[in-house]
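This report concerns only the one structure given below.
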Amino acid sequence: EVHLVESGGGLVQPGESLRLSCAASGFTFSSYSMNWVRQAPGKGLEWVSYISSSSSTKNYADSVWGRFTISRDNAQNSLYLQMSSLRAEDTAVYYCARVDYYHGMEDWGQGTTVTVSS
Amino acid sequence: DIQMTQSPSSLSASVGDRVTITCRASQGISNRLAWFQQKPGKAPKSLISAASSLQSGVPSKFSGSGSGTDFTLTISSLQPEDFATYYCQQYDSFPLTFGQGTRLEIK
Chain H
1 EVHLVESGGG LVQPGESLRL SCAASGFTFS SYSMNWVRQA PGKGLEWVSY ISSSSSTKNY
61 ADSVWGRFTI SRDNAQNSLY LQMSSLRAED TAVYYCARVD YYHGMEDWGQ GTTVTVSS
Chain B
119 DIQMTQSPSS LSASVGDRVT ITCRASQGIS NRLAWFQQKP GKAPKSLISA ASSLQSGVPS
179 KFSGSGSGTD FTLTISSLQP EDFATYYCQQ YDSFPLTFGQ GTRLEIK
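And the structure:
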């Protein structure tokens, strides 16, 4: 069974940094691309970032470009999102999701909450 | 960027009803369209991918159709557990984009 567990969320002040992690199990992590998706309180879903299985391709939403960095460690079955220069509008639940080329985001973690506030 | 427009934004229906949600892409995306169900406080759950392919374990009461720019999600014989928010999402090109969501409420 696919299992994705996010961690690392918390309360930070504007301008600070935070690193999210996503621990994967139940599948061959190194064979799958991954996404981060977020959801602000009371709002819809917003794609944040994508990384290919080998880390050769990375994509970012314009709203986070230059501030967030996605990475992965296939040996540790882990996905990361390094977030810097955080803003109030980055406040959201952040989800990691496993990506299948043909079927999109098939499996999601339970999410981790990031709150940016002074 | 590809804009995804869902309609309606909200929908009120009764147990046993059949409902249809539509999703329109601002440009053609072939069949690279997914539908998700989300309940309050929970992660999204994938229902349908490739526009019409039912995910494993999802009941056949859910069905999807469409290609190009126009897509539909149909839910038959609504049960209390089906009342949730539904999102469409295109995965044809970056940035990946979601519809604004359709909140399905009990009448």
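Chains as they are written, first to last, in my numbering: chain H, 1 to 118; chain B, 119 to 225. Each residue gets a CB set at the ideal place from its N, CA and C atoms; glycine is no exception. Owing to the predicted nature of the structure, the values given are computational and were not obtained by experimental measurement.
Classify residue i: buried if its beta carbon has 16 or more other beta carbons within 10 angstroms, exposed otherwise.
i: Pro41 (chain H); result: exposed
i: Ala75 (chain H); result: exposed
i: Thr220 (chain B); result: buried
i: Ala88 (chain H); result: exposed
i: Ile224 (chain B); result: exposed
i: Glu142 (chain H); result: Examination of residue 142 (chain H) is not possible in this model, given that chain H is present from 1 through 118 alone.
i: Glu106 (chain H); result: buried
i: Tyr94 (chain H); result: buried
i: Val133 (chain B); result: exposed
i: Gly217 (chain B); result: buried
i: Gly15 (chain H); result: exposed
So, with DSSP's three-state summary, where would you put residue i?
i: Glu223 (chain B); result: strand
i: Ala131 (chain B); result: strand
i: Asp100 (chain H); result: strand
i: Glu199 (chain B); result: helix
i: Asp119 (chain B); result: coil
i: Phe212 (chain B); result: coil
i: Ser117 (chain H); result: coil
i: Phe29 (chain H); result: helix
i: Val62 (chain H); result: Per the sequence shown, residue 62 (chain H) should be read as Asp rather than Val. Coil, per DSSP.
i: Asn88 (chain H); result: Residue identity differs from the one stated: residue 88 (chain H) is Ala in this sequence, not Asn. Looking at Ala88 (chain H) - three-state DSSP - the assignment turns out to be helix.
i: Phe72 (chain H); result: Rather than Phe, the amino acid found at residue 72 (chain H) in this sequence is Arg. Reduced to three states, the DSSP call for Arg72 (chain H) is strand.
Is the beta carbon of residue i sitting closer than 7 Å to the one on residue j?
i: Gly104 (chain H); j: Ala152 (chain B); result: yes
i: Asn59 (chain H); j: Ala97 (chain H); result: no
i: Cys150 (chain B); j: Tyr209 (chain B); result: A quick correction: the sequence has Arg, not Cys, at residue 150 (chain B). A contact, by the Cβ cut-off of 7 Å.
i: Glu2 (chain H); j: Phe29 (chain H); result: Residue identity check: residue 2 (chain H) is Val in the sequence provided, not Glu. Not a contact, by the Cβ cut-off of 7 Å.
i: Ser164 (chain B); j: Phe180 (chain B); result: no
i: Ile166 (chain B); j: Gly184 (chain B); result: no
i: Ser53 (chain H); j: Tyr32 (chain H); result: yes
i: Gly109 (chain H); j: Leu20 (chain H); result: no
i: Gly9 (chain H); j: Val99 (chain H); result: no
Using DSSP's beta-bridge definition, name the partner residues of residue i.
i: Asn35 (chain H); result: H:Tyr50, H:Ala97
i: Leu20 (chain H); result: H:Leu81
i: Glu6 (chain H); result: H:Cys22
i: Ala143 (chain B); result: B:Met122
i: Phe180 (chain B); result: B:Ile193
i: Gln207 (chain B); result: B:Ala152, B:Phe216
i: Ser164 (chain B); result: B:Phe154
i: Thr138 (chain B); result: B:Thr192
i: Ser185 (chain B); result: B:Asp188
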